[in-house]
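Visitor: Residue numbers (our numbering), protein chains in the order written: chain R, 88 to 432; chain L, -9 to 258. For each residue, glycine too, the CB sits at the ideal point set by N, CA and C.
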């Protein structure tokens, strides 16, 4: 009964975000896109145990192709979304081929370089991106209002969540978990380790590409500068702080970081805090505040809370999904991410 | 036709000749022991048979066809299952989840169907769960069904790992020190279990084992490895009487009196 009420309130809150004016809807859109990226990164990092520091490249490629093809070739919105997903999947496949041979910090390094290189090369091609001003990505008339566009983003999120649930409760999720735990064990269980690693990258890339397409249509333009390395770091932070490997944790972490970045700068208390610093430093504090808070949260997570927010949320999510609050935690999530981040896997 | 046949296997790691010209075969329904001192190359031989290592020379034949270059998961698909010396399971998952994961090859639906939640994949999942439950029951492990693997005591871990290997539905099962960490009583029980498994599932078994009474009890034939070479082979009784085998275990030259006085009972 109480459970149903909480669910109803949650649904009501999600729906009402679309009806509280363009500004609130705008935050909703950003949060939904971050959730998609979080779920995407979670497949690679949380389920399969491979650290990617180039996810902004996958999101960017999705945004670029969706914007370019809808502007230059008049592709309809829905098709542009699919193209964005396909572009992300293809790039992820290429990264995946590299990821088969290396792991841990070296894979992280390669993905980092790919992401940064894309930003400096493909994302700067004037013919594709409309030069420094950015390529425009116009929404169809019916989605011009942020409220309507928010519902599209929400719907995509729900589809992604459904697929994620199916993935983790099918042989695919078990195969990825085995690869993360020990590739020899996965092979002995009959898992095609190479194939499933590639699959994880491709699924992750497709999801990131779709998120990128939504990103382009949300800001109605593609601008290569939006996809800097800092964004990739934010994606990793929100996934790890939320609790890599945990769907609910990653969703909460992604929303938190999306709002942290878009809301903090407007928070009165934070502006007052920034004014405590010397006048010349105030703008820097305002600009880098969210990053500093993110880094601080990461330290807290690694030192005290390796399972991320999910570790604290477990009783709640268990109860919300119909289980008992008291049953013991079943998974030791997070420890592997710690190893990857601290020792290089 | 032997189930598995290894011909002239050689493998070198840097300066270490891990295997040199090792040949062995296991016939249908046989339980064959692979023994030898630490570092003799037993696990390396397992890794060549299961596809974790590619030998420098030699061939591995499974039911007459060459599998030397097949990937591990392809060999699992053919019916070659294995366990690991230090227990190989997904430690953060539960016993039931591991048993379902190990049925990967026989899941009966495609990865895409699983991600999309196709109806036949949901039905297949129930079959996988039922089969996992059957294995838990068979091995008296139903009480740890939902226990996280990392929380289990060593003896039960080894047993559960055997269950996971069975879940891959093998014809040929390679067990790497199945009795390690067990006392004499548990090891004797394990012996009965292996014999029962052979009877019920028609399994062919190749096992690396140090526990001599267990080898003597279950093995039809034994190969002895030492420094990567085949030192001796024969039935367990005969092997225990061979002075060079005793010397390999104790180290150094064969002491003359020991060679003469060693009898089947005394070697254990």
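What's the call for residue 225/L, buried or exposed, on a 16-neighbour Cβ count within 10 Å?
Guide: Looking at its Cβ environment, which holds fewer than 16 other Cβ atoms inside 10 Å, residue 225/L is exposed.
Visitor: Tell me, please, whether the CB atom of residue 21/L is closer than 8 Å to any CB atom in chain R?
Guide: By this cut-off, residue 21/L is not an interface position.
Visitor: What does the alpha-carbon distance come out to for the pair residue 96/L and residue 157/L?
Guide: Each residue's Cα considered, the two are about 9 Å apart.
Visitor: Which residues in the same chain as residue 133/R place their Cβ atom closer than 6 Å to its Cβ, once the five residues preceding and following it in sequence are excluded?
Guide: So the list reads 331 and 332, once near-sequence residues are dropped.
Visitor: Pick helix, strand or coil for residue 153/L, following the three-state DSSP scheme.
Guide: Correct three-state label for residue 153/L: helix.
Visitor: Below 6 Å CB to CB, which residues in the same chain sit around residue 415/R once its five sequence neighbours on both sides are set aside?
Guide: Any reading at residue 415/R is ruled out, since the residue's pLDDT is 41, under 50, leaving its predicted position unreliable.
Visitor: At 9 Å on the CB atoms, spell out the chain R contacts of residue 122/L, in chain order.
Guide: Simply none; closest approach about 11 Å.
Visitor: Under 8 Å, Cβ to Cβ, is there at least one residue of chain L near residue 286/R?
Guide: It does: the Cβ of residue 286/R has a partner Cβ on chain L nearer than 8 Å.
Visitor: With a threshold of 8 Å between beta-carbons, can residue 200/L be considered close to chain R, or not?
Guide: Output row for residue 200/L: interface = no.
Visitor: With respect to the alpha helix (DSSP H) encompassing residue 127/L, which residues constitute its N-terminal and C-terminal limits?
Guide: Where residue 127/L is concerned, the enclosing alpha helix (DSSP H) stretches over 109 to 128.
Visitor: Do the CB positions of residue 24/L and residue 215/L come within less than 8 Å of each other?
Guide: Cβ distance < 8 Å, so residue 24/L and residue 215/L count as in contact.
Visitor: Does DSSP put residue 268/R in a helix, in a strand, or in coil?
Guide: In the structure shown, residue 268/R sits in a helix (DSSP, three-state: H, G or I).
Visitor: Output the distance between the C-alpha atoms of residue 398/R and residue 336/R, rounded to the nearest integer angstrom.
Guide: So the two alpha carbons sit approximately 8 Å from each other.
Visitor: I need the boundaries of the beta strand (DSSP E) containing residue 260/L, first residue and last residue.
Guide: Here chain L covers residues -9 to 258 and nothing more, so residue 260/L does not appear.
Visitor: If residue 160/L sits next to residue 71/L, beta carbons under 8 Å apart, how far is it from one beta carbon to the other, in whole angstroms?
Guide: Confirmed, Cβ separation roughly 3 Å.
Visitor: Could you tell me whether any Cβ in chain B is nearer than 8 Å to the Cβ of residue 81/L?
Guide: In the structure shown, chain B does not exist; the protein chains are R and L.
Visitor: Under three-state DSSP, which class holds residue 250/L?
Guide: Confidence is the limiting factor: at residue 250/L the pLDDT is only 48, short of 50, which leaves the residue's position unreliable and the question unanswerable from this model.
Visitor: To the nearest angstrom, report how far apart residue 255/R and residue 6/L are at their CA atoms.
Guide: Using only the alpha carbons, I get a separation of about 43 Å.
Visitor: Have a look at 130/R, 125/R and 352/R and flag the residue whose alpha-carbon is nearest the alpha-carbon of residue 318/R.
Guide: Answer by Cα proximity: 125/R.
Visitor: Any contact between the region 280 to 299 of chain R and the region 168 to 179 of chain R? By contact I mean 3 or more CB pairs, one from each, below 8 Å.
Guide: Output reads yes: the region 168 to 179 of chain R touches the region 280 to 299 of chain R.
Visitor: Within a Cβ cutoff of 6 Å, which residues of the same chain sit near residue 322/R, ignoring the five residues on either side of it in sequence?
Guide: Excluding positions up to five away in sequence, the list reads 124, 128 and 142.
Visitor: Could you work out which residue in 98/L, 82/L and -5/L is closest to residue 51/L when comparing CA atoms only?
Guide: Out of 98/L, 82/L and -5/L, -5/L has the C-alpha closest to the C-alpha of residue 51/L.
Visitor: Could you give the C-beta distance for residue 211/L and residue 12/L, rounded to a whole number, given that I count them as a contact under 8 Å?
Guide: The Cβ separation is near 15 Å, so there is no contact.
Visitor: Are residue 302/R and residue 150/R closer than 8 Å when you measure CB to CB?
Guide: Cβ atoms of residue 302/R and residue 150/R: closer than 8 Å.
Visitor: The region 244 to 263 of chain R: which residues have C-beta closer than 7 Å to a C-beta of chain L, in chain order?
Guide: Of all residues in the region 244 to 263 of chain R, 250, 253, 254, 257, 258, 259, 261 and 262 have a Cβ within less than 7 Å of some Cβ in chain L.
Visitor: To the nearest angstrom, how far is it from the Cα of residue 246/R to the Cα of residue 121/R?
Guide: For residue 246/R and residue 121/R, the distance between alpha carbons rounds to 15 Å.
Visitor: Give me the residue from 170/L, 3/L and -2/L with the minimum Cα distance to residue 10/L.
Guide: Looking at the Cα atoms, -2/L is the closest of the given residues.
Visitor: What in chain L is Cβ-close to residue 268/R, meaning under 7 Å?
Guide: Those within 7 Å of residue 268/R in chain L are 80, 81 and 82.
Visitor: Please identify, using Cβ separations under 9 Å, the residues of the region 200 to 218 of chain R that lie next to chain L, in order along the chain.
Guide: Against chain L - using a Cβ distance shorter than 9 Å - the region 200 to 218 of chain R contributes no residues.
Visitor: Is it buried or exposed for residue 136/L, if we count other Cβ within 10 angstroms and need 16 for buried?
Guide: When all chains shown are included, residue 136/L counts as exposed.
Visitor: Nearest-angstrom Cα distance between residue 98/R and residue 126/L?
Guide: Cα to Cα, residue 98/R sits roughly 40 Å from residue 126/L.
Visitor: Kindly indicate which three-state DSSP category residue 199/L falls into: helix, strand or coil?
Guide: Three-state result, residue 199/L: coil.
Visitor: Less than 8 Å between the beta carbons of residue 119/L and residue 274/R, yes or no?
Guide: Cβ atoms of residue 119/L and residue 274/R: not closer than 8 Å.
Visitor: Taking DSSP as the reference, what is the three-state secondary structure of residue 214/R?
Guide: Here residue 214/R sits in helix by DSSP.
Visitor: Might you give, ordered along the chain, the residues of its own chain that have their beta carbon closer than 6 Å to the beta carbon of residue 361/R, omitting 5 neighbours on each side?
Guide: Around residue 361/R: 369, 372 and 373.
Visitor: Can you pull the chain L residues whose beta carbon is under 9 Å from the beta carbon of residue 129/R, in chain order?
Guide: Result: empty, since nearest Cβ-Cβ is about 14 Å, beyond 9 Å.
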